[in-house]
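Written below as structure tokens is the structure these notes are about.
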Amino acid sequence: MSEWLTTGQMIDRLNKHDKAKSGVGAIVFKDALERIIDGKTYEIVKVDQYFLSQKWRILPKYVSFEEAMQVLKNGGDVIFHGEKGNSFLDYSITEEPLNELLLSEYSLDDLFTDKWTIEGDN
57 MSEWLTTGQM IDRLNKHDKA KSGVGAIVFK DALERIIDGK TYEIVKVDQY FLSQKWRILP
117 KYVSFEEAMQ VLKNGGDVIF HGEKGNSFLD YSITEEPLNE LLLSEYSLDD LFTDKWTIEG
177 DN
């Protein structure tokens, strides 16, 4: 997960349509007009002292297995975010040939349904 940010840092780093989550669980996103929108009410966020005092993390953009494989095919790097019970695996897949990749704890279904991100896609 990404680092904790102040509200100002979060607003500066958040790209259009990206989401951020506060330490107390609030979700916001930046719309096409670059306004900060409440993820629950879909209203423009009221910037008050409470909002400004929050710490935030920008949430990753997950992609499908198919999109991740297309990025790999085109020479990009992806990360597999596997989850088994309470254990998590973040595995970066770069130039390693896929036929040599061993993720023995994970089934094909896990590869298709668990989360993937594109490395460097902010």
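In my numbering, the protein residues as written are 57 to 178.
Here a beta-carbon is modelled for each residue, glycine too, at the ideal position from N, C-alpha and C.
Unbroken beta strand (DSSP E) run spanning residue i, endpoints
i, result
"I114", "111 to 114"
"K86", "83 to 86"
"S78", "75 to 78"
Residues of its chain near residue i, where Cβ-Cβ distance is below 8 Å and the 5 sequence neighbours each way are ignored
i, result
"E59", "R113"
"E90", "K72"
Local Cβ density within 10 Å of residue i, reported as buried at 16 or more and exposed below that
i, result
"T63", "buried"
"K129", "exposed"
"V80", "exposed"
"F168", "exposed"
"V103", "exposed"
"L61", "buried"
For residue i, three-class secondary structure by DSSP
i, result
"D108", "This sequence places Leu at residue 108; Asp is not what is there. Correct three-state label for L108: helix."
"L128", "helix"
"L61", "strand"
"T173", "strand"
"D94", "strand"
"E139", "strand"
"L145", "Residue confidence is low: L145 scores 49 on pLDDT, short of 50, so the model does not pin down where it sits. No coordinate-derived value is stated."
Other residues of its chain near residue i: CB distance less than 7 Å, five sequence neighbours each side excluded
i, result
"Y162", "G138"
"P116", "T173"
"L70", "A76, K86, I114"
Same chain, Cβ closer than 6 Å to residue i, five either side skipped, listed in chain order
i, result
"D87", "I93"
"A124", "V134, W172"
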